[in-house]
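The structure appears right after this line, and notes come after that.
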Amino acid sequence: MARNDRRARVAIACQGGGSHTAFTAGVLKRLFDSDDIARYDVVGLSGTSGGAVCALLAWSALAEGVPERVGSRLTDFWTANSANTPLQRLVNSWIVSASTLQNLGRAPATSPYDAPTVGLDQFRDLLSRQLDFERIEPDPQARLPMLLIGAVDVLTGEFRAFSSRRDRITAETVLASAAIPNLFRALRTDGGTYWDGLFSQNPPVRELLDTQPDEIWVIQINPKESATEPKTVVEIADRRNELAGNLSLYQELHYIEEMNRLLDEGLLSPGGRYGHVVVRIIELPRSRTSRLWGPASKLDREPGFLRDLIEQGEQQATEFLTALAFENAWGRHDADGVAGFLADDAEAHSSAPFPERGPVRGRAEVHRFLLDHFASAVRMDLNHKQVVRDRVTWTARGQIEQGGAAVEGRCEVTFAGETVTHLQLGAAP
């Protein structure tokens, strides 16, 4: 929620994940095509690897004062980055297949130093066709939103977040963030020798606090949870890749949650350098990613695959925006407003630690269910993350008995487009 009734300040962090970050392009496209974004002041973007490309393209449109061009710039890039010609499709198929065989231990690993630098050169040209890097200057006066691009110096082991406030952002900066070591040689720029930022901050988050955001929206490519135990070689490689990609992200988000807790408990003084920050995560659903190729699918540039990811991002962003509106109505204890989101066949139920009830079905019954729970003062607890994946999850608190201690649980809401199909209150995991 915005402070002092001003527009909420939002920073957007884009996790890396190769071709899967076409999903990020779809999310950003939908967000900036929406009239809802006018309610927010976007004060910063960060990204790593493919997420850095998406963050850069969105940031460039904001820096030029044309936010309506965010979607077209992202779409143009991913269209150009697709394997569009027969030769490109052949090379793409070979790369994905070779990577899969390496994960299976059925093909030897090869060094990018034994191959020409054609891939990096083509990527550099592609970026330069999208942006005039000569026009990008450092912004020490913070007149523009902050841009952060994550990389790691392979020699010193130091994490680096290139910042538009102090560094000159070039095509080499982005290539440094996207230099996957088994595909590309390390990138030498700005006094360092860099590998893909997936080995550092994926994406940079903590530095975004310097923009004093009210909220940080994270577009997450690697799923946090797995419904089944990985057993095949490909499944194990895929899960290892996901866990490694999420390691730094969840460390940084834990830092923000801990800071929120200290502020609420009065152990940090309000009004200081940092304030309460709401974290929201838009996650690429596991069920919609390629299971056949495992982590090799992050190298796949097949046009249909990328288009599908962009469409998934747009759909997920639509549910995210709907969830924001639903949350605002819930926060106002506006049962009629919340009921406006309900599908005709909506279903709801609650269990301990909240009053047990349901399941109830139908718009009218769920409406009454909401009135009962509003009377119990069940509210969203924005000290914790809001997560959007196959359903939207908030932490919820309720003052169950007058004068009693608040209980904490979980509120899960399933959206189908812009309507709510299922609502559940229950115990936190």
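When we follow our numbering, the leftmost residue of the sequence shown carries the number 605, and every step to the right adds one.
Each residue gets a CB set at the ideal place from its N, CA and C atoms; glycine is no exception.
Asked                                                                                                                                                                                      : Found
Assign E811 to one of two classes, buried (16 or more other C-beta atoms within 10 Å of its C-beta) or exposed (fewer than that).                                                          : buried
Keeping to the same chain, check which residues put their C-beta closer than 7 angstroms to that of L731; ignore five residues upstream and five downstream.                               : A775, V778
Which runs of the beta strand (DSSP E) spanning at least 3 residues fall entirely within the region 792 to 835, listed in chain order?                                                     : 796 to 800, 819 to 824
So what's Y644 in DSSP terms, helix, strand or just coil?                                                                                                                                  : strand
Go through its chain and collect everything with a Cβ distance to I616's Cβ below 6 angstroms, but skip five positions before and after it.                                                : L649, W821
Secondary structure at A629, three-state DSSP: helix, strand or coil?                                                                                                                      : helix
Between the alpha carbons of G879 and D794, how many angstroms are there, rounded?                                                                                                         : 33 angstroms
In this structure, how does DSSP classify T679 when only helix, strand and coil are distinguished?                                                                                         : helix
How big is the Cα-Cα spacing for A1031 and E1016?                                                                                                                                          : 11 angstroms
Hey, could you find the ends of the alpha helix (DSSP H) V657 is sitting in?                                                                                                               : 654 to 667
Should H858 go down as buried or exposed, given a rule of 16 or more other Cβ atoms within 10 Å for buried?                                                                                : exposed
Is the distance from the Cβ of I773 to the Cβ of A765 below 8 angstroms?                                                                                                                   : no
Buried or exposed for R613, going by 16 or more other Cβ atoms inside 10 Å?                                                                                                                : buried
Rank N987, T1025, E1022 by C-alpha distance to the C-alpha of R1014 and give the top, closest one.                                                                                         : N987
My assumption, with CB atoms under 8 angstroms, is that Y798 sits in contact with D757. Please give the rounded CB distance.                                                               : 6 angstroms
Using the beta-carbon count (16 or more within 10 Å), is K835 buried or exposed?                                                                                                           : exposed
For V881 and L691, I'd like the C-alpha separation in whole angstroms.                                                                                                                     : 48 angstroms
Do V992 and F930 come within 8 angstroms of each other at the CB atom, strictly closer than that value?                                                                                    : no
Check the DSSP bridge columns for D757 and list the partner residues they point to.                                                                                                        : Y798
Could you name the residues of the same chain whose beta carbon sits closer than 8 angstroms to that of E861, not counting the 5 residues immediately before and after it, in chain order? : V883, N987, H988, K989
Pull the bridge partners of S954 from the DSSP assignment, please.                                                                                                                         : R961, L1029
In angstroms, rounded to a whole number, what distance separates the CA positions of T760 and G796?                                                                                        : 9 angstroms
Taking DSSP's pairing of strands, which residues face T1023 in a bridge?                                                                                                                   : A1020
Is it the case that the Cβ atoms of G917 and T628 are separated by a distance below 8 angstroms?                                                                                           : yes
Looking at R611: is its Cβ nearer than 8 angstroms to the Cβ of R643?                                                                                                                      : yes
Taking the alpha-carbon positions, what's the I825 to S623 distance?                                                                                                                       : 10 angstroms
Can you grab the Cα-Cα spacing for the pair D645 / N688, in whole Å?                                                                                                                       : 37 angstroms
Would you identify the three-state DSSP class for L748, choosing helix, strand or coil?                                                                                                    : coil
Would you decide whether W698 is buried or exposed? Buried here means 16 or more other CB atoms lie within 10 Å of its CB.                                                                 : exposed
According to the neighbour-count rule (16 or more other Cβ atoms, all chains shown, within 10 Å of its Cβ), is Q805 buried or exposed?                                                     : buried
Under a three-way DSSP split, which group does Q855 fall into?                                                                                                                             : helix
Among the residues of its own chain, which have a CB less than 7 angstroms from the CB of P957, if the five just before and after it don't count?                                          : V1011, G1013, A1031
Identify whether E887 lies in helix, strand or coil by the three-state DSSP scheme.                                                                                                        : strand
Between which two residues does the beta strand (DSSP E) holding V582 run?                                                                                                                 : Residue 582 falls outside the range modelled here, since the chain spans only 605 to 1033, and no answer is possible.
Using the Cβ count rule (16 or more neighbours within 10 Å means buried), how would you classify A1020?                                                                                    : exposed
The alpha helix (DSSP H) that contains A933, what's its start and end?                                                                                                                     : 907 to 935
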